[in-house]
Amino acid sequence: MPGLSGRMSTVIKAKISKLLDRAEDPAETLEYSYQKQIELLQNVKKGIADVVTSKKRLQLQEQKLRDQVVKLDTQARQALAAGNEDLARTALERKNVAQTELQSLDSQVAQLEQQQEQMTASEQKLRAKIEQFRSRKEVIKAQYSAAEAQVKISEAATGVGEEMADVGLAMQRALDKTENMRARADAVQELEAAGTFEDLTQLGPGEDDIDRQLRQLSSTSEVDSELAKMKAELGSGSPRSAGELGAGGGADGAPAEAEQAGPSQGQAP
Amino acid sequence: MIVRIATEGQYEVGDADVSALNDLDNDAVVACDGQDEQHFHEAFDKLLQFVRTKGTPVSEDTLEASDVILPPPDVSFDEARAEFSGEGLIPG
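Rendered as structure tokens:
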């Protein structure tokens, strides 16, 4: 079969034959292969530990962002209660960004979770194959002549070698992804520390200007509606509350005028 | 025939299905050559689904080499194209 599959098979086979060429003596080849397999199994375990560490780190980051969201919400309310709408808007904008970041972290943690499960399954599969190789190794050493042994070893080692190459590939891909997430989490942390949380909107991967503008638009409308909701909740305590306006404008029946005039008494008929 | 989906596992595919598998593989290769990313992902997904549904998973204690190794399911278009030249997915 040409193409995709052909290329990968060839590369893996080349790797395995390199592994087998190491020793002339069949028994030595067997031991060498087995040692290599055990080494890789250790590496896989380390790889899984790395993924778990990254996951924990992202979860920590998530918790911080959750705290941040609560804090910014409180600040927005306080600012609004004090009549500083601009400050409230800024706080809500930041909260919005933090929430978006939180969602992205959520999906990253889920991805890592999946990767961890996959690698654990791979490790078990490889362990089963290595165990199979170990018992076959003893049979080969005990029962076969050197020439026959060479063939049997080659067969068995190819099977394990392929599994090793595959687990190695899975691990490499998992670690690459983890590395990317880690870099992003670090960048987020730096921005947070520098107090430029708004710039997070620029961090999305593969985004162009239009994407960013669209997101800003949706973010603005979200902020607007949240601000309006907050105002309504704080309404009764505010000096420009709807109740007072309604009472003031009721006599004229012209709400627009009433709103301009506000609660002051200077309204001439 | 034993087919491995890289990072996923080995499947035993019956002789009767090999020709259909070959056609699906060729379709993915054509998409790759033609720089048609969407077509490639569709063709490649079809290929994977075919192996998963028509094939039976090989037991864990089997030490047999695969006849064919397919790239991992999450392969990117760039990686797939690199399969034809350069180092491929597994460098070294």
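The listed protein sequences derive, respectively, from chains W and D.
For reference, each letter of the first sequence is one residue, going 1 to 269 in the numbering used here.
For reference, each letter of the second sequence is one residue, going 1001 to 1092 in the numbering used here.
We treat Cβ as the ideally placed atom computed from N, Cα and C, and that holds for glycine.
Just the Cα atoms here: how many angstroms apart are W:Q35 and W:Q124?
Locating residue 35 of chain W in the first sequence gives position 35, where the first residue counts as 1. Locating residue 124 of chain W in the first sequence gives position 124, where the first residue counts as 1. For W:Q35 and W:Q124, the distance between alpha carbons rounds to 17 Å.
When the Cα of W:T74 is compared with those of W:L92, W:D166, W:L30 and W:L65, which residue comes out closest?
The residue you call residue 74 of chain W lines up with position 74 of the first sequence. For W:T74, the nearest C-alpha among the options comes from W:L92.
Run of the beta strand (DSSP E) containing D:E1060, from where it starts to where it stops:
If you number the second sequence from 1, residue 1060 of chain D lands on position 60. Run containing D:E1060: none; DSSP gives neither H nor E here.
With H, G and I counted as helix, E and B as strand and the rest as coil, what does DSSP make of W:V160?
As a first step, residue 160 of chain W is located in the first sequence; it is residue number 160 there, counting from the start. Correct three-state label for W:V160: helix.
Is it the case that the segment 67–82 of chain W contacts the segment 25–43 of chain W, given that we only count it when at least three CB pairs across the two stretches are under 8 Å?
no
If you drop the 5 nearest sequence neighbours on each side, which residues of the same chain put their C-beta closer than 7 Å to that of W:P26?
Stepping through the first sequence from its first residue, residue 26 of chain W is reached at position 26. Hits under 7 Å: A146, A149, Q150 and I153.
Can you name, in chain order, every residue of its own chain whose Cβ lies under 7 Å from the Cβ of W:A247, other than the five neighbours on each side?
For this step, residue 247 of chain W is matched to residue 247 along the first sequence. With a pLDDT of only 41 at W:A247, under 50, the local geometry of the prediction cannot be trusted, and the value read off the model is given with reservation. Result list for W:A247: empty, nothing under 7 Å.
Just checking: is the beta-carbon of D:I1048 within a distance shorter than 8 Å of some beta-carbon in chain W?
Along the second sequence, read from residue 1 onward, the residue named residue 1048 of chain D stands at position 48. For clarity, residue 1048 of chain D is Leu in the given sequence; the question names Ile instead. For D:L1048, the answer is no, since every Cβ of chain W falls outside 8 Å of its Cβ.
Flag this pair as yes or no: are the beta carbons of D:K1054 and D:V1013 separated by less than 8 Å?
Translated into the one-based positions of the second sequence, residue 1054 of chain D becomes position 54. Translated into the one-based positions of the second sequence, residue 1013 of chain D becomes position 13. For D:K1054 and D:V1013, yes; Cβs fall inside 8 Å.
When W:A81, W:V109, W:I140 and W:E138 are compared against W:G235, the one with the closest alpha-carbon
Walking along the first sequence from the start, residue 235 of chain W turns up at place 235. Taking only the C-alpha atoms, the option nearest W:G235 is W:A81.
Taking the beta carbon of W:V223 as the centre, do at least 16 other beta carbons fall within 10 Å, making it buried, or is it exposed?
Along the first sequence, read from residue 1 onward, the residue named residue 223 of chain W stands at position 223. So W:V223 ends up on the buried side.
Assign W:G83 to buried or exposed, taking buried as 16 or more other Cβ atoms, counted over all protein chains shown, within 10 Å of its Cβ.
Mapped onto the first sequence, residue 83 of chain W falls at position 83. The residue is exposed, with fewer than 16 neighbouring Cβ atoms inside 10 Å.
Coarse secondary structure for D:Q1035, derived from DSSP in three states
Counting from one through the second sequence, the residue named residue 1035 of chain D turns up at place 35. D:Q1035: coil per DSSP, three-state reduction.
Determine, using beta carbons only, whether W:S122 and W:V167 come nearer to each other than 8 Å.
As a working mapping, residue 122 of chain W is identified with position 122 in the first sequence. As a working mapping, residue 167 of chain W is identified with position 167 in the first sequence. Cβ atoms of W:S122 and W:V167: closer than 8 Å.
Mapping DSSP to helix, strand and coil, what is W:Y32?
Sequence index remark: in the first sequence, residue 32 of chain W carries index 32 (1-based). Correct three-state label for W:Y32: helix.
Between the alpha carbons of W:F133 and W:A49, how many angstroms are there, rounded?
Translated into positions along the first sequence, residue 133 of chain W becomes position 133. Translated into positions along the first sequence, residue 49 of chain W becomes position 49. Their backbone Cα atoms lie some 26 Å apart in a straight line.
For chain D, is any of its Cβ atoms less than 8 Å away from the one on W:E162?
By one-based count along the first sequence, residue 162 of chain W stands at place 162. W:E162 counts as touching chain D.
Can you name the residues of chain D whose CB is closer than 7 Å to the CB of W:K46?
Working through the first sequence from its first residue, we reach residue 46 of chain W at position 46. Simply none; closest approach about 18 Å.
Judging by CA-CA distance, which residue of W:T90, W:R66, W:T120 and W:T29 is the nearest neighbour of W:D106?
Here residue 106 of chain W is taken as the residue at index 106 of the first sequence, counted from 1. For W:D106, the nearest C-alpha among the options comes from W:R66.
Do W:M119 and W:M171 have their C-beta atoms within less than 8 Å of each other?
Counting from 1 along the first sequence, the entry for residue 119 of chain W is found at position 119. Counting from 1 along the first sequence, the entry for residue 171 of chain W is found at position 171. Going by C-beta atoms, W:M119 is nearer than 8 Å to W:M171.
How far does the beta strand (DSSP E) with D:V1013 in it reach, from first residue to last?
Within the second sequence, residue 1013 of chain D is the residue found at index 13, counting from 1. D:V1013 -> no beta strand (DSSP E), and no H or E assigned at all.
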